[in-house]
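*Asks:* A single structure is presented below for examination.
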Amino acid sequence: MAGSHATFWQRIQQIPRYYIYLLLAAVVTWQILFPIALPILPSRVTQGVYDAIAAVPDDQLIIISTDWDASTQAETGPQTEAIIHACFQNGKRFAVMNLQPPMGVKLANDIAQRVAAEYGAEYGVDWCNWGYKYGFDNVLIALAKNIPKTIGDDFHGNPVTDLPMMEGVENIESVGLVIEITGLANVTELWIGLIQGVYGTPLAGAYTAVMVPSYYPFLDSGQLRGVLNGAKGAAEMEVLVKRPDRASAIMPVQSWAHMLIIALIIIGNLGYIFGRRRTTERPS
Amino acid sequence: MSLESATLWAAAIVTLGVYTILYRENPISRIFEHIFVGLSAGYLIVFIWAQNLEGKWWKPMVHEGKWYWIFAPIVGLLFYFIYSRRLLWMARLVMGLFFGTASGYFFRQFFPIFSPQIYGCFKPLRADASIGWGDVILHNWLFVIILLTVLSYFFFAVPHEGRFGRNLGRSALLGRWFLMIAFGAMFAYTAMARISLFIGRVQFLLNDWLGSLIPWFAQRGT
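Protein sequence lines correspond, in order, to chains A and B.
875 is the number that the numbering used here gives to position 35 of the first sequence; each next residue is one higher, with no gaps.
217 is the number that the numbering used here gives to position 214 of the second sequence; each next residue is one higher, with no gaps.
Here it is, written out as structure tokens:
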């Protein structure tokens, strides 16, 4: 079919894949250098995350479980940053922690330090980092019953009981919201199965776009208060906290890249339909 | 060259090196892939020690007199008897312990995870003071129709023959279409996620790396 007798429609199905990659890279580069801005409107599910943060009582803290690493940083990094902005803007204390993979707690720590400096927030008073805690189910079951004993030392190796914001924090009753930011499947299920479903602690999520369809049933059932949907969710959160940043810069690029992919899908399908028609019409 | 500048250059070279895989399989992308795997493994070991084992196991055992923590690694090392035919039973002891624990955790989590979703399927099909007819038809009726037709697709006990069977077959066909639409949406989300990651790397290359050399690039797109 790919020989000299191949028709135009057959040939456009045989485009070498690296030409398509180059085309995509060209569109992405063009839009990063010369963006054509499109409006970003916060969706109901993103608003749900923001409202859940705003609704946390002042005597309770928020756990931000940053279970992501460099491989998903383009989506989860801006999500983490926008969520931390929302916490500081609403005057909520939060603790960063990490179940897996461990790199997330360092990357999130860098983001939290940078954002805290903007608000003049102090480590140990307005926010803290509980570090990487290995053991999944075991950690969450123990955390629900005794937070200081389960966490032990913070990210910097100091006892968490020495931090002023940990005064009065005993068990999961001291937590007003858990936000799970991850590119890993099944971590949210642990929080639901061991914390939200058992103790009723509100839970919200921020996921890579690949994962989001799997978590819509949890939104519908009320187990999740809201979800940030990949870079789009991060951009919407940036709009809500009035801090347009990397995710907002991604969105116009993403839209144009999607248009290119849609065009390629249409061309490929036209090639398939007309190429097949020609083959069946041609006498053998 | 400052440390920050060296980090930027290293990240840019690694990013470009890994992306050479898009042309074809080659030693450069392989080298960077192996470096990434090695670094991740090393980082994991250091982090498990620094953030967990040192504080939770080593300090209590060595400095606080909790000598019985010495038994924890001994139990863990029993796993390695899997390589001995004669002492395999000792490895089975700890495996059994872990299987049992994992099963217990799963049973504990099952109902909190799934029961609210089962309750959530029972939606009102008539308008009342809390919900209008528009929402009932758009959300609840559509939800229930999709739920039942998709469930009928997975109902294999009745052949699609006879009056009931043929109707079940029609419902299953509709369910299959709904499944295809759902899979299409999920695949679109996958494409969106992959493109986001790619944009993130191109942003780094243009805004951060090239921007460190030519300020014009740093100002674009952010």
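The beta-carbon is built from N, C-alpha and C at its ideal position, and this holds for glycine as well.
#1: Helix or strand or just coil, what does DSSP make of tyrosine 890(A)?
#2: Find out if the Cβ-Cβ distance for the pair threonine 886(A), glutamate 1076(A) is shorter than 7 Å.
#3: May I have a chain-ordered list of the alpha helix (DSSP H) segments no shorter than 4 residues that lie completely inside the stretch 945-1018 of chain A?
#4: Check the Cβ-Cβ distances between arginine 179(B) and every residue of chain A, and say whether any is below 7 Å.
#5: Could you say which of Ala961(A), Ala1044(A), Lys1072(A) lies nearest to isoleucine 198(B) if we only look at CA atoms?
#6: Which residues share a DSSP beta bridge with alanine 1046(A)?
#7: Please name the residue in Pro897(A), Glu921(A), Ala894(A) whose C-alpha comes closest to that of alanine 1074(A).
#8: Just the Cα atoms here: how many angstroms apart are isoleucine 923(A) and tyrosine 890(A)?
#9: Tell me which residue opens and which closes the alpha helix (DSSP H) that phenylalanine 1058(A) is part of.
#10: Under the DSSP definition of a beta bridge, which residues are partnered with threonine 906(A)?
#11: Between the stretch 1009-1019 of chain A and the stretch 975-987 of chain A, do at least 3 Cβ pairs fall closer than 8 Å?
#12: For methionine 937(A), list the residues DSSP reports as bridge partners.
#13: Regarding alanine 185(B) and the ligand COA, is the C-beta to nearest heavy atom distance less than 6 Å?
#14: Chain B partners of leucine 939(A), CB-CB under 8 Å?
#15: May I have the straight-line CA-CA distance separating leucine 863(A) from phenylalanine 101(B), to the nearest angstrom?
#16: Distance cutoff 7 Å, beta carbons only. Does arginine 223(B) sit that close to anything in chain A?
#17: From this set, Ile1101(A), Arg1117(A), Ile1106(A), Pro1092(A), which residue's C-alpha is nearest leucine 878(A)'s C-alpha?
#18: If you check the beta carbons only, do phenylalanine 928(A) and tyrosine 959(A) fall under 7 Å apart?
#19: Let me check understanding here. Comparing Cα to Cα, which of Phe114(B), Phe181(B), Gly172(B) lies closest to valine 147(B)?
#20: Strictly below 8 Å CB to CB, what residues from chain B border proline 1053(A)?
#21: Would you call the stretch 1055-1064 of chain A in contact with the stretch 1081-1096 of chain A, where contact means no fewer than 3 C-beta pairs closer than 8 Å?
#22: For the stretch 960-974 of chain A, which residues have a beta carbon sitting closer than 9 Å to at least one beta carbon of chain B?
#23: What is the DSSP secondary structure of phenylalanine 207(B), counted as helix, strand or coil?
#24: Measuring straight from C-alpha to C-alpha, what distance separates isoleucine 116(B) and threonine 1041(A)?
#25: Quick one: is isoleucine 923(A) near chain B, going by C-beta distance under 7 Å?
#26: Identify whether histidine 163(B) lies in helix, strand or coil by the three-state DSSP scheme.
#27: So what does DSSP say about lysine 1082(A), is it helix, strand or coil?
*Replies:* Judging by the given coordinates:
#1: Under the three-state reduction of DSSP, tyrosine 890(A) is assigned to helix.
#2: The answer is yes: Cβ separation under 7 Å.
#3: The stretch 945-1018 of chain A is shown to contain whole alpha helix (DSSP H) runs of 4 or more residues at 977-985, 987-991, in chain order.
#4: The Cβ of arginine 179(B) sits no closer than 7 Å to any Cβ of chain A.
#5: If we check each option's Cα against that of isoleucine 198(B), Lys1072(A) comes out closest.
#6: Its beta-bridge partners are Ile1021(A), Leu1068(A).
#7: The shortest C-alpha to C-alpha distance from alanine 1074(A) to any of Pro897(A), Glu921(A), Ala894(A) is the one to Glu921(A).
#8: Cα to Cα, the separation comes out at about 8 Å.
#9: Per DSSP, the continuous alpha helix (DSSP H) segment holding phenylalanine 1058(A) begins and ends at 1052-1060.
#10: Answer is Ile1021(A).
#11: Counting C-beta pairs with one atom in each stretch, the stretch 1009-1019 of chain A and the stretch 975-987 of chain A have three or more that are closer than 8 Å, which means they touch.
#12: Residue pairing of methionine 937(A) in beta bridges, as defined by DSSP: Ser905(A), Gly971(A).
#13: In terms of ligand content, the structure shown is empty, and the ligand COA therefore cannot be addressed.
#14: Listed along chain B, no residue sits closer than 8 Å to leucine 939(A) by beta-carbon distance, the nearest being about 11 Å off.
#15: Distance between leucine 863(A) and phenylalanine 101(B), taken at the CA atoms: about 50 Å.
#16: By this cut-off, arginine 223(B) is an interface position.
#17: For the residues Ile1101(A), Arg1117(A), Ile1106(A), Pro1092(A), the minimum Cα distance to leucine 878(A) belongs to Pro1092(A).
#18: Contact check for phenylalanine 928(A) against tyrosine 959(A) passes: the beta carbons are separated by less than 7 Å.
#19: Scanning Phe114(B), Phe181(B), Gly172(B) for the CA closest to the CA of valine 147(B) turns up Phe181(B).
#20: Contact of proline 1053(A) with chain B by beta-carbon distance below 8 Å involves Ala185, Ala188, Met189, Tyr192.
#21: Short answer: they don't touch.
#22: Within the stretch 960-974 of chain A, contact with chain B at the beta-carbon level (separation under 9 Å) is assigned to Gly971, Tyr972, Lys973, Tyr974.
#23: Collapsing the DSSP output to three states places phenylalanine 207(B) in a helix.
#24: Straight across, the Cα-Cα distance linking isoleucine 116(B) with threonine 1041(A) is about 14 Å.
#25: At a cut-off of 7 Å between C-beta atoms, isoleucine 923(A) does not count as an interface residue with respect to chain B.
#26: DSSP places histidine 163(B) in coil when its eight states are reduced to three.
#27: Annotated three-state conformation of lysine 1082(A) is coil, per DSSP.
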